[in-house]
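Okay, so here's the structure we're looking at.
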Amino acid sequence: MVKNTEIKLSAIARDLKKSPSEALVIGVGQGPDGPVLLENPLTAKSAEALAGSLKVLGVTGAADQLIRLPGLPETGASVLVLTGLGKVRDGQKISEESLRRAAGSAVRQLAGLSSVTIAFPTAALGDVAAVAEGASFGAYSFTDHRSEKNGLKDPVKTAVIFTELAEDRNLPQTLKRAALIGKAVNATRSLVNQPPSHLYPESFAEAAKELSKGLPVKVTVWDEKRLEKEGFGGIMGVGKGSTRQPRLVKVEYSPAKATAKIALVGKGITFDTGGISIKPALGMGDMKSDMAGAAVVLNTVLALAGLGVPVKATAWLCIAENMPSGAATRPADVLKMFGGKTVEVLNTDAEGRLVMADGIVAASQEYPDAIIDVATLTGAQLIALGNRTAGVMGADSVTAPLKAAADRAGELLWPMPLPEELRPSLDSQVADLANIGERHGGMMTAAVFLQEFVGKGKDGEPIPWAHIDIAGPSFNNGSPYGYTPKQGTGCTVRTLVAYAEDLLAASA
Ligand code: BES
Ligand code: ZN
Ligand code: ZN
Numbered sequence: 147m148v149k150n151t152e153i154k155l156s157a158i159a160r161d162l163k164k165s166p167s168e169a170l171v172i173g174v175g176q177g178p179d180g181p182v183l184l185e186n187p188l189t190a191k192s193a194e195a196l197a198g199s200l201k202v203l204g205v206t207g208a209a210d211q212l213i214r215l216p217g218l219p220e221t222g223a224s225v226l227v228l229t230g231l232g233k234v235r236d237g238q239k240i241s242e243e244s245l246r247r248a249a250g251s252a253v254r255q256l257a258g259l260s261s262v263t264i265a266f267p268t269a270a271l272g273d274v275a276a277v278a279e280g281a282s283f284g285a286y287s288f289t290d291h292r293s294e295k296n297g298l299k300d301p302v303k304t305a306v307i308f309t310e311l312a313e314d315r316n317l318p319q320t321l322k323r324a325a326l327i328g329k330a331v332n333a334t335r336s337l338v339n340q341p342p343s344h345l346y347p348e349s350f351a352e353a354a355k356e357l358s359k360g361l362p363v364k365v366t367v368w369d370e371k372r373l374e375k376e377g378f379g380g381i382m383g384v385g386k387g388s389t390r391q392p393r394l395v396k397v398e399y400s401p402a403k404a405t406a407k408i409a410l411v412g413k414g415i416t417f418d419t420g421g422i423s424i425k426p427a428l429g430m431g432d433m434k435s436d437m438a439g440a441a442v443v444l445n446t447v448l449a450l451a452g453l454g455v456p457v458k459a460t461a462w463l464c465i466a467e468n469m470p471s472g473a474a475t476r477p478a479d480v481l482k483m484f485g486g487k488t489v490e491v492l493n494t495d496a497e498g499r500l501v502m503a504d505g506i507v508a509a510s511q512e513y514p515d516a517i518i519d520v521a522t523l524t525g526a527q528l529i530a531l532g533n534r535t536a537g538v539m540g541a542d543s544v545t546a547p548l549k550a551a552a553d554r555a556g557e558l559l560w561p562m563p564l565p566e567e568l569r570p571s572l573d574s575q576v577a578d579l580a581n582i583g584e585r586h587g588g589m590m591t592a593a594v595f596l597q598e599f600v601g602k603g604k605d606g607e608p609i610p611w612a613h614i615d616i617a618g619p620s621f622n623n624g625s626p627y628g629y630t631p632k633q634g635t636g637c638t639v640r641t642l643v644a645y646a647e648d649l650l651a652a653s654a
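Take any residue in the sequence shown, note its place counting from 1, add 146, and you have its number in this note's numbering.
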């Protein structure tokens, strides 16, 4: 189900010709007075000549610009590639994210070549890591269901990073982490890209097991019988209209000497038609991505296990297919959620919060230090924050470190409030709660709904919780840019891995 090829990463500090690649990629920045050739391994003479002809070559240094020139004999590469890193200012460091995007963009656009060497300015290991991550994200394609290549090019197979830090003793670990992050992000993308004919609750649970092979994690799967018996009314209620039965998957990583324990809950709607409250036809196909949250939490836990981060992390994948049928949940039906709260379903298209409620209650019963849920929950997220920025809501003690982690990882995440006054809009005439409320600020209304299901810790206080809405940023239905391909983006995996690593640093 998920068989991505991984780019091979290595680093060299000198002697380009000893590790020749097909392409040598160097960077150009957009300076205040025009394009600036960035630090590179060319001879001073070549660099000077090249810098002098940037303008006439039409090179601007804008992000995603890629210009191919004949290779210079001194580089051992048959093509010299100039790639844009966007705005640069004299004396100002180029951000890690600019490096990540430029490396990703170059590798993505150079698909079809087998090997590239990337020579960007790298002052610290974080810069090398960013280039390596970008290269891994750029070397992605999804061809599972193509019988012909139709001119489709294979992703680049090897990337050599040219950096003075190639011999740093922490370099191997840096590249190893980048490769694992790349693997987790690309696996998330492939699960999202997988069509609903192939990825449905049962096969998603199988894929989770398969991806977990060889890693120190324990996978438990609840099938429909066990879900029914144990009272997971949200997941069962949403899955009722489909011939494909729902699943709950728990993936536990419990390292010895863990200093913190986090629970990650993901929305895994393998296809969201809206159910009886059916969605319009236009764009409905994009709803194959409605399981992105579950793919993110799964791959985050697997990445933490692969990296050996000593934080206990449990992923809860709440998986169902939301279909209309004679057996489907109706508007006005009441569901009893896991833990006993009842919900009147007034709109069957607000199904994510129903499966997530069950998952959040289940996660709470293990008293984690924090619960983070990730879901393609609302169209309102796109209205509020657009299609590249995820929204985060919840306890400041979780949202603030998440925002810091996102900044460090180079992902766009923005905190939004959880206004108390939205709660009465979720009152129901017949049940404890209705599944829809105030339409304006609908992303926050959905979060206020989820908050009702967050349990108390052993201290009697609510477990610190945050909700991340990734409806927009998880799926790119525009053109590719930077390291981001069309369709599944794999967003938020990096933020969550960074969050877990930061927890560790905080407790050290
Ligand atoms: N899966 C959708 C949210 C979504 C929309 C994700 C667009 C990605 C792109 C979710 O289940 C949904 O349909 N939500 C409704 C809730 C409403 C009925 C309260 C929505 O946002 O319209
Ligand atoms: Zn829906
Ligand atoms: Zn949905």
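Virtual Cβ for every residue (Gly too), placed ideally from N, Cα, C.
Residue closest to K632, alpha-carbon to alpha-carbon, out of G230, G284, L548 and L228:
Here residue 632 is taken as the residue at index 486 of the sequence shown, counted from 1. It is G284 whose Cα lies nearest to the Cα of K632.
Quickly, what does DSSP pair F308 with across the bridge? List them, please.
Position 162 of the sequence shown holds residue 308. Note: F308 sits in a beta bridge opposite I158.
Segment limits, alpha helix (DSSP H) that includes G280
Counting from 1 along the sequence shown, the entry for residue 280 is found at position 134. For G280, the uninterrupted alpha helix (DSSP H) segment begins and ends at L271 to G284.
Residues in its own chain within less than 8 Å of G472 by CB, not counting five upstream and five downstream?
By one-based count along the sequence shown, residue 472 stands at place 326. Same-chain partners within the cutoff: there are none.
By alpha-carbon positions, which one of M590, I424, I518 and V643 ends up nearest to L572?
On the sequence shown, position 426 is the one that residue 572 refers to. The shortest Cα separation from L572 among M590, I424, I518 and V643 belongs to M590.
Does the distance between the C-beta of K413 and the nearest non-hydrogen atom of ligand 3 fall short of 8 Å?
As a working mapping, residue 413 is identified with position 267 in the sequence shown. Yes; taking the cut-off as 8 Å, the Cβ of K413 has a heavy atom of ligand 3 nearer than that.
What residue from R292, N332 and C464 has the CA that sits closest to E370's CA?
Against the sequence shown, residue 370 aligns to sequence position 224. The residue among R292, N332 and C464 with its C-alpha nearest the C-alpha of E370 is C464.
Hey, L612 and D519: beta-carbon distance below 9 Å or not?
The count along the sequence shown starts at 1 and reaches residue 612 at position 466. The count along the sequence shown starts at 1 and reaches residue 519 at position 373. According to the sequence as given, residue 612 is Ala; it is not Leu. Contact: yes.
Between the alpha carbons of A552 and A646, how many angstroms are there, rounded?
Position 406 of the sequence shown holds residue 552. Position 500 of the sequence shown holds residue 646. Looking at the two C-alpha atoms, the distance is approximately 11 Å.
If we require 3 or more residues per run, which beta strand (DSSP E) segments fall completely within the segment 465 to 543?
Fully enclosed beta strand (DSSP E) runs of 3 or longer: 479 to 482, 488 to 491, 516 to 521 and 536 to 540.
Cβ atoms of G175 and I240: under 9 Å apart, would you say?
Start at 1 with the first residue of the sequence shown, and residue 240 comes out as number 94. Start at 1 with the first residue of the sequence shown, and residue 175 comes out as number 29. In this structure, the beta-carbon distance from I240 to G175 falls below 9 Å.
For G328, which of helix, strand or coil comes out of DSSP?
The sequence position of residue 328 within the sequence shown is 182, counting from 1. Helix, per DSSP.
What would DSSP say about T221, mapped onto helix, strand or coil?
Numbered from 1 along the sequence shown, position 75 holds the residue referred to as residue 221. Helix, per DSSP.
Residues bridged to I408 [DSSP beta-bridge criterion]:
For the purposes of this step, residue 408 is taken as the residue at position 262 of the sequence shown. Answer is A459 and A516.
For ligand 1, list every residue whose C-beta falls under 5 Å from any of its heavy atoms, going in chain order.
Here the residues come out as D418, D436, N493, D495, A496, G498, T522, T524, G525, I582 and A617.
Please report the distance separating the alpha-carbon of P364 from that of A509.
Residue 364 sits at position 218 when you count from the first residue of the sequence shown. Residue 509 sits at position 363 when you count from the first residue of the sequence shown. The amino acid at residue 364 is misidentified as Pro; the sequence shows Lys. Their backbone Cα atoms lie some 15 Å apart in a straight line.
Just list the residues that DSSP pairs Y399 with in beta bridges.
One-based indexing of the sequence shown puts residue 399 at position 253. Residue pairing of Y399 in beta bridges, as defined by DSSP: A459.
Could you tell me which residues DSSP pairs with S167 in its beta bridges?
Within the sequence shown, numbered from 1, the residue matching residue 167 stands at position 21. None; S167 has no bridge partner.
Exposed or buried, D236, counting other C-beta atoms within 10 Å across all chains shown (16 or more means buried)?
Along the sequence shown, one-based indexing puts residue 236 at 90. By the neighbour-count rule (16 or more Cβ atoms within 10 Å), D236 is not buried but exposed.
Under 9 Å, do L311 and A159 count as touching if we go by C-beta distance?
What you label residue 311 is simply residue 165 of the sequence shown in a count that begins at 1. What you label residue 159 is simply residue 13 of the sequence shown in a count that begins at 1. Contact: yes.
Taking just the CA atoms, how far does K295 sit from L203?
As a first step, residue 203 must be located in the sequence shown, where it is residue number 57. As a first step, residue 295 must be located in the sequence shown, where it is residue number 149. Taking the straight line joining both Cα atoms gives about 33 Å.
Quick one: is L298 buried, meaning 16 or more other Cβ sit within 10 Å of its Cβ, or exposed?
The residue you call residue 298 lines up with position 152 of the sequence shown. With fewer than 16 other Cβ atoms within 10 Å, it is exposed.
So, at 6 Å on beta carbons, what are the nonlocal neighbours of T630 in its own chain, with the 5 sequence-adjacent residues on each side left out?
Residue 630 sits at position 484 when you count from the first residue of the sequence shown. N622.
May I ask you to check if the CB of G380 is nearer than 8 Å to at least one heavy atom of ligand 2?
On the sequence shown, position 234 is the one that residue 380 refers to. No, since every heavy atom of ligand 2 falls outside the 8 Å radius drawn around the Cβ of G380.
K233 bridges to which residues according to DSSP?
Locating residue 233 in the sequence shown gives position 87, where the first residue counts as 1. Within the DSSP bridge table, the entry for K233 names Q176 as partners.
Going by beta carbon distance, what residues of the same chain come within less than 6 Å of W368, once the five residues before and after it are set aside?
Translated into the one-based positions of the sequence shown, residue 368 becomes position 222. Answer for W368: L394, listed in chain order.
In angstroms, rounded to a whole number, what distance separates the CA positions of P216 and S224?
Looking up residue 216 in the sequence shown gives position 70. Looking up residue 224 in the sequence shown gives position 78. One C-alpha to the other measures close to 6 Å.
So, is K403 buried or exposed, given that buried needs 16 or more other C-beta atoms within 10 angstroms?
Indexing the sequence shown from 1 puts residue 403 at position 257. So K403 ends up on the exposed side.
Reference P561, options F599, I616 and E567, closest by Cα
Locating residue 561 in the sequence shown gives position 415, where the first residue counts as 1. P561 has its Cα closest to that of I616, out of F599, I616 and E567.
Taking DSSP's pairing of strands, which residues face Q96 in a bridge?
Because the chain here runs from 147 to 654, residue 96 falls outside it and cannot be looked at.
Whose C-alpha, out of H344, V302 and L444, is nearest the C-alpha of A333?
Taking the sequence shown and counting its residues from 1, the one referred to as residue 333 is at position 187. Out of H344, V302 and L444, L444 has the C-alpha closest to the C-alpha of A333.
Looking at ligand 2, does it come within less than 8 Å of K425, judged from the CB to the closest heavy atom?
On the sequence shown, position 279 is the one that residue 425 refers to. Indeed, a heavy atom of ligand 2 lies less than 8 Å from the Cβ.
Should E313 be labelled buried (16 or more other beta-carbon atoms within 10 Å of its own) or exposed?
Taking the first residue of the sequence shown as position 1, residue 313 is located at position 167. E313 sits exposed, since fewer than 16 C-beta atoms from the chains shown fall within 10 Å of its C-beta.
Indicate whether the contact test is met: 3 or more Cβ pairs, each with one atom in the segment 431 to 438 and one in the segment 335 to 353, closer than 8 Å.
The segment 431 to 438 vs the segment 335 to 353: in contact.
Alpha-carbon spacing of M382 relative to G250, whole angstroms
By 1-based counting over the sequence shown, the position of residue 382 is 236. By 1-based counting over the sequence shown, the position of residue 250 is 104. In a straight line, the C-alpha of M382 is about 41 Å away from that of G250.
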